[in-house]
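*Asks:* Position 104 of the sequence shown, counted from 1, bears residue number 104 in this note's numbering, the numbering being contiguous throughout.
Using N, Cα and C, we set each Cβ at its ideal position, and we do this for glycine too.
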Amino acid sequence: MAVLDDEFVRSTGYRGYPGIYHNGAVVYDHNGVVLRMCKFSEVFISEFCQYVISRELQRSVVFCDMEDTYMLCDDSSQMTNILADVDVYTLPTLVDTADLARKNITLIIVGNGEIMTKQAHLQCNVDYVMKEGSFGAWDVTPCTVTKAEGLNVLLANYNATGSDCGFIGNGTNDIEAMRLCHISFAVGNAEPGVKEHAKYTLHETNNSGAFHKTMELVYGVPCD
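Structural data, given as structure tokens:
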């Protein structure tokens, strides 16, 4: 919602609900009621922070809940472009391990994947899920969280399934949802390997009217 101004909210009535956030870790219904929140455990956060601090990786890790972003140091320069790519322009709040353990952390952004994969006691797709982002960064969510899982939770709340839903996306974090939905589109500038998982591929990019084109193709709805 960071990129949607007040005029958009007034004209559409959409305030971010219903919505699926943090790659499926957090799901809201149309009233803003939380249907699902998968957060990292206090033990996971404490042990992860210990690893990050012991190897002086604090500048390459951002922790997120639905209220704010956080770092274990006051130098966010290495993460500025990464955060801007997901429309976060404010400086992360400086916290310590104890602060983080008390929060509902549902997403961790790491500057490079080895921060996770070199932790031998953690297993990808068991203890956490990694999805590739921009600028070499990775999104990390709890356990086996995906957008498809989150979408299933949202659809079930309305007695619907993937057969009743369409999806449009561009990233590796969209692949499972593309497979789930009866109709799915990959935008023209989708990341490598993503298009093959969508039912259809658009020529238009996410910055040149891809959603507009999808609405015309599926519903015949003009979006001028």
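Flag this pair as yes or no: are the beta carbons of A198 and A210 separated by less than 8 Å?
*Replies:* No, they are not a contact pair.
*Asks:* With a cut-off of 8 Å on the beta carbons, I'd call K147 and N104 a contact; round off their distance for me.
*Replies:* That pair is no contact at about 19 Å.
*Asks:* Can you tell me the Cα-Cα spacing of S77 and N152, whole angstroms?
*Replies:* Cα to Cα, the separation comes out at about 37 Å.
*Asks:* Suppose you measure from the CA of M215 to the CA of S208; what does that come to, to the nearest Å?
*Replies:* Taking the straight line joining both Cα atoms gives about 14 Å.
*Asks:* Is the Cβ-Cβ distance between E191 and T172 less than 8 Å?
*Replies:* In this structure, T172 lies closer than 8 Å to E191 by Cβ.
*Asks:* Return helix, strand or coil for E196, following the three-state DSSP convention.
*Replies:* In the structure shown, E196 sits in a helix (DSSP, three-state: H, G or I).
*Asks:* Could you check the C-alpha separation between E196 and A98 for me, to the nearest Å?
*Replies:* Looking at the two C-alpha atoms, the distance is approximately 43 Å.
*Asks:* I need the DSSP call for L151, collapsed to helix, strand or coil.
*Replies:* The answer is helix: DSSP assigns L151 an H, G or I state.
*Asks:* Please identify the residue among D164, N170, L180 and L94 whose C-alpha is closest to the C-alpha of V218.
*Replies:* Ranking D164, N170, L180 and L94 by Cα distance to V218 puts D164 first.
*Asks:* Following the continuous beta strand (DSSP E) through A186, name the residue where it begins and the one where it ends.
*Replies:* From DSSP, the beta strand (DSSP E) with A186 extends over I183 to A186.
*Asks:* Just to confirm before moving on: does the CB-CB distance between I82 and G113 stay below 8 Å?
*Replies:* Their beta carbons are not under 8 Å apart, which means I82 does not touch G113 by this criterion.
*Asks:* If distances are taken between C-alpha atoms only, which option among G150, A120, V61 and G220 comes closest to C181?
*Replies:* Of G150, A120, V61 and G220, the residue nearest in Cα terms is G150.
*Asks:* Assign F8 to buried or exposed, taking buried as 16 or more other Cβ atoms, counted over all protein chains shown, within 10 Å of its Cβ.
*Replies:* Looking at its Cβ environment, which holds fewer than 16 other Cβ atoms inside 10 Å, F8 is exposed.
*Asks:* DSSP on E7, reduced to helix/strand/coil?
*Replies:* Residue state, collapsed to three classes: helix.
*Asks:* Is it true that the CB of M178 sits closer than 8 Å to the CB of T106?
*Replies:* Result no, Cβ atoms of T106 and M178 do not sit closer than 8 Å.
*Asks:* Which of the three DSSP states, helix, strand or coil, is assigned to E176?
*Replies:* In this structure, E176 counts as helix in the three-state DSSP scheme.
*Asks:* In the DSSP output, what is T144 paired with across the bridge?
*Replies:* Partner(s): none; T144 has no beta bridge.
*Asks:* Looking only at its own chain, which residues have a Cβ that is under 7 Å from the Cβ of L100, when we skip the five neighbours before and after it?
*Replies:* Once the five neighbours on either side are set aside, the close Cβ partners of L100 are I45, C49, F63 and Y70.
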